[in-house]
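One structure is given below, encoded as structure tokens.
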Amino acid sequence: MGDAGIVRNRAKIEGAVLSARAWLEVMDKGPGFSKLLWDFVDGRPKINHYRSTKQVPAETAISRAMSKELSQRGFKFCGPTIVYAFMQAVGIVNDHLVSCHRYQAVQQHGAQP
Numbered sequence: 094m095g096d097a098g099i100v101r102n103r104a105k106i107e108g109a110v111l112s113a114r115a116w117l118e119v120m121d122k123g124p125g126f127s128k129l130l131w132d133f134v135d136g137r138p139k140i141n142h143y144r145s146t147k148q149v150p151a152e153t154a155i156s157r158a159m160s161k162e163l164s165q166r167g168f169k170f171c172g173p174t175i176v177y178a179f180m181q182a183v184g185i186v187n188d189h190l191v192s193c194h195r196y197q198a199v200q201q202h203g204a205q206p
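Letter by letter, the sequence shown follows residues 94 to 206 of the working numbering.
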């Protein structure tokens, strides 16, 4: 808590520890973290066809379900908006606009579970 270079919020520090323990549990006794998450999209990236950033949601039914599952497994600070941003970051969902120069490449070579 005294290190100014890291998060100093006790709840977030404790949440990170609890989430790490939950991750170990999923890896040791569950399906594995990757499989757990990719199963929400049947192992295939969800490709969206948005034309405007106004169309891109902050959360979806899938991110809400994933968030609920993670929370039930002991993960902390994993609400549906954070989970959806994670899904975008790792390629579970492709929200590149169709006008984006990366849209086609990501669609053709999307993330693999």
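Virtual Cβ for every residue (Gly too), placed ideally from N, Cα, C.
> According to the Cβ coordinates, are Ile140 and Asn187 closer than 8 Å?
Replying inline: On the sequence shown, position 47 is the one that residue 140 refers to. On the sequence shown, position 94 is the one that residue 187 refers to. Cβ atoms of Ile140 and Asn187: closer than 8 Å.
> Is DSSP giving Ile99 helix, strand or coil here?
Replying inline: As a working note, residue 99 is residue 6 in the sequence shown. It is coil, neither helix nor strand.
> Can you give the Cα-Cα distance for Gly184 and Tyr196, rounded to whole angstroms?
Replying inline: Position 91 of the sequence shown holds residue 184. Position 103 of the sequence shown holds residue 196. Spanning the two alpha carbons is a distance of roughly 12 Å.
> Cα separation between Ala115 and Gly108?
Replying inline: Your numbering for residue 115 matches position 22 in the sequence shown. Your numbering for residue 108 matches position 15 in the sequence shown. Their backbone Cα atoms lie some 10 Å apart in a straight line.
>> Just to confirm my understanding: we take Met180, look at its own chain, exclude 5 residues before and 5 after, and list those with CB closer than 7 Å. What are they?
In response: The residue you call residue 180 lines up with position 87 of the sequence shown. Closer than 7 Å at the Cβ level, and outside the excluded window around Met180, lie Ser156, Val186.
> Excluding sequence positions up to five away, which residues of its chain have a Cβ less than 8 Å from the Cβ of Ser164?
Replying inline: Here residue 164 corresponds to residue number 71 of the sequence shown, with the count starting at 1. So the qualifying residues of the chain are Cys171.
>> Using CA atoms only, rank isn't needed, just tell me which of Ser145, Ile175, Ala178, Leu129 is closest to Arg166.
In response: One-based indexing of the sequence shown puts residue 166 at position 73. Nearest of Ser145, Ile175, Ala178, Leu129 to Arg166, Cα basis: Leu129.
>> Give me the DSSP bridge partner(s) of Val187.
In response: The sequence position of residue 187 within the sequence shown is 94, counting from 1. Correcting the residue type first, residue 187 is Asn in the shown sequence and not Val. In the DSSP output, where bridge partners are listed per residue, Asn187 has Ile140.
>> Going by beta-carbon coordinates alone, are Leu190 and Thr146 separated by less than 8 Å?
In response: To locate residue 190, count along the sequence shown from 1; it is residue 97. To locate residue 146, count along the sequence shown from 1; it is residue 53. Contact flag set, yes.
> Which ranges would you report for the alpha helix (DSSP H) in the segment 142-179 if only whole runs of at least 4 residues count?
Replying inline: 154-165
> Are the Cβ atoms of Ser112 and Lys169 separated by less than 8 Å?
Replying inline: As a working note, residue 112 is residue 19 in the sequence shown. As a working note, residue 169 is residue 76 in the sequence shown. Yes, these two residues count as a Cβ contact at 8 Å.
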